[in-house]
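One structure below.
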Amino acid sequence: MKSPLLAAAAIVLAGTAAISTPSAEAQARRSQHQVCENVRVKQINSKDDNRLIGTGVGAVAGGLIGNQVGGGKGKTLATVAGAVGGGYAGNRIQKSHQDKNATYTTERRCHWVDD
Numbered sequence: 238m239k240s241p242l243l244a245a246a247a248i249v250l251a252g253t254a255a256i257s258t259p260s261a262e263a264q265a266r267r268s269q270h271q272v273c274e275n276v277r278v279k280q281i282n283s284k285d286d287n288r289l290i291g292t293g294v295g296a297v298a299g300g301l302i303g304n305q306v307g308g309g310k311g312k313t314l315a316t317v318a319g320a321v322g323g324g325y326a327g328n329r330i331q332k333s334h335q336d337k338n339a340t341y342t343t344e345r346r347c348h349w350v351d352d
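By the working numbering, the letter at position 90 of the sequence shown is numbered 327, and the numbering carries on one by one without gaps.
The following block contains the structure:
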């Protein structure tokens, strides 16, 4: 009869000791505080996040226009310069279009900071 009673008492004491002792994480948090902020998050509603289509179309168009200028090595240089410039312009145009069609949400983000 004494054995089950002693076992039950030991379990109760162990349980209260575990509850009253703060965890290591809780002890570490005593010198920290939590900082939360609202962050605006942009969701691009496009399958072409890298703007490859705009860059490609712009490079082809710029190369064709550049090819119409000059002759000989100057023509080659103008074609390359037109392709590079057109690629950049096409990328920026597609980015502008994607930004207009993007949706924005606000998320609450929290992190711990040392005191």
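Using N, Cα and C, we set each Cβ at its ideal position, and we do this for glycine too.
- Contact annotation: Ala318 and Val297 have beta-carbon atoms that are not nearer than 9 Å.
- Bridge partners of Asp351 according to DSSP: Gln269.
- Check the Cα spacing between Arg345 and each of His270, Arg267, Asn275, Ser268: the tightest is with Asn275.
- With contacts defined by Cβ atoms closer than 9 Å, Gln271 and His334 do not form a contacting pair.
- The DSSP-derived three-state label of Val294 is helix.
- In the DSSP annotation of this structure, Ala339 is not part of any alpha helix (DSSP H), being labelled neither H nor E.
- Per the DSSP secondary-structure output, Gln280 pairs in a beta bridge with Thr340.
- With respect to the 9 Å criterion, Gln331 and Ile302 are not classified as neighbours on the basis of their beta carbons.
- Within the DSSP secondary-structure output, Asn275 pairs in a beta bridge with Arg345.
- Between Gly327 and Gly300, the C-beta spacing is not below 9 Å.
- The straight-line gap separating the alpha-carbon atoms of Gly295 and Arg329 is approximately 10 Å.
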